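Counting from 169, one number per residue, gives the positions in the sequence shown under my numbering.
Even for Gly, the Cβ is constructed at its ideal location relative to N, Cα and C.
Source: prediction; values computed, not measured.
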Amino acid sequence: MSELEKNFNKFKEITREEFFIAKEIKEHLKIKDTDAILDVGCAGGNLSRSLVKDSVNITFLDVNEFDFSPQEKFIHASFEEAEIEDKYDFILTSHVWGHFYRNNSFEFCYRKAHDLLKETGKLIVVHNSNKDFTGKLIDFSKTLFKEIEFDVFLDECLKSETYKEYYFDVNLKAETYGELARLVQVLLVVPDELFYEKVGEMTKYLENNLERPEFSINQRLLVIEK
Ligand SMILES: C[S@@+](CC[C@H](N)C(=O)[O-])C[C@H]1O[C@@H](n2cnc3c(N)ncnc32)[C@H](O)[C@@H]1O
Numbered sequence: 169m170s171e172l173e174k175n176f177n178k179f180k181e182i183t184r185e186e187f188f189i190a191k192e193i194k195e196h197l198k199i200k201d202t203d204a205i206l207d208v209g210c211a212g213g214n215l216s217r218s219l220v221k222d223s224v225n226i227t228f229l230d231v232n233e234f235d236f237s238p239q240e241k242f243i244h245a246s247f248e249e250a251e252i253e254d255k256y257d258f259i260l261t262s263h264v265w266g267h268f269y270r271n272n273s274f275e276f277c278y279r280k281a282h283d284l285l286k287e288t289g290k291l292i293v294v295h296n297s298n299k300d301f302t303g304k305l306i307d308f309s310k311t312l313f314k315e316i317e318f319d320v321f322l323d324e325c326l327k328s329e330t331y332k333e334y335y336f337d338v339n340l341k342a343e344t345y346g347e348l349a350r351l352v353q354v355l356l357v358v359p360d361e362l363f364y365e366k367v368g369e370m371t372k373y374l375e376n377n378l379e380r381p382e383f384s385i386n387q388r389l390l391v392i393e394k
């Protein structure tokens with residue numbers, strides 16, 4: 169397992185991000201157990217699983233392989249290439265739009281998600297707003313690394329849409345600045361060999377800019393009608 173993967177698991181554990189995202193979604197949306205859900209970029213699938221009683225009506229999709237039980241429907245493909253015939257009540261896209269943006273497939277994926285919704289269906293988007301400290305951290309990281317994969321959502325897509333938006337925070341808290349620097353790798357998706365060359369500089373930056381080894385990550389939930 170790479171350090172990035174280990175840090176990803178630790179990041180999820182510390183922030184309890186999936187719990188807070190699910191809480192926010194449940195607060196603003198009524199999802200019935202009979203609703204068909206497509207979870208795009210599902211990773212282990214915990215987020216969509218936590219929205220309903222059981223996973224029978226969820227289709228999980230990820231470009232990487234994850235362990236799903238034989239009863240669960242997992243499409244192992246990129247969203248761009250996946251051939252999907254069903255239509256969905258909800259399409260969940262949490263922390264995936266930065267990947268589409270970097271693949272130059274943002275607009276293609278946005279249209280594809282819309283096309284896969286039922287007439288009354290809703291597209292759920294969750295992404296880091298990159299406001300507050302996260303934005304500053306990204307600006308600093310651009311000076312350290314040639315390429316970083318921070319979360320992105322292009323608001324141009326929303327121009328003629330009917331949608332609602334909600335903001336919420338999750339907290340990333342470490343014991344030391346060094347530990348926090350390693351966890352920041354998850355927000356930047358920089359490969360191990362490049363990230364660890366600069367981890368000392370990242371630690372210094374965090375020490376100089378935070379009172380404690382912790383900061384909030386502001387996120388936006390968008391609920392977009394078809
Ligand atoms: C940051 S994780 C988000 C996981 C989960 N949705 C969440 O919010 O916790 C991004 C996921 O998107 C997947 N992914 C990246 N590019 C993708 C693509 N083009 N099509 C489908 N999945 C993709 C990655 O493999 C990864 O599991």
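- With a threshold of 16 other beta carbon atoms within 10 Å, residue 298 meets it and is buried.
- When DSSP states are grouped into helix, strand and coil, residue 364 belongs to the coil group.
- When C-beta atoms of the segment 358–371 are compared with those of the segment 326–337, fewer than three pairs fall below 8 Å, so the two segments do not count as touching.
- Counting other Cβ atoms within 10 Å of its Cβ, residue 293 reaches 16 or more and is therefore classed as buried.
- Between the segment 200–212 and the segment 241–258 there are three or more inter-stretch CB-CB distances shorter than 8 Å, so the stretches are counted as touching.
- Taking 7 Å as the cut-off, the C-beta of residue 211 counts as close to a heavy atom of ligand 1.
- Here the C-alpha atom of residue 303 lies approximately 18 Å from the C-alpha atom of residue 183.
- No heavy atom of ligand 1 is found nearer than 7 Å to the CB of residue 244.
- When secondary structure is reduced to three states using DSSP, residue 308 falls in the helix class.
- Per DSSP, residue 216 is one residue of the alpha helix (DSSP H) stretching across 214–217.
- Rounded to the nearest whole angstrom, the CA to CA distance from residue 170 to residue 346 is 18 Å.
- By DSSP's assignment, residue 199 forms no beta bridge with any residue.
- The alpha carbon of residue 173 has as its nearest neighbour, out of 394, 359, 388, the alpha carbon of 359.
- If you look at residue 387, you'll find it isn't in any alpha helix (DSSP H); it sits in the beta strand (DSSP E) that goes 382–393.
- DSSP places residue 268 inside the alpha helix (DSSP H), whose first and last residues are 265–270.
- Counting the other Cβ atoms within 10 Å of the Cβ of residue 264 gives 16 or more, which makes it buried.
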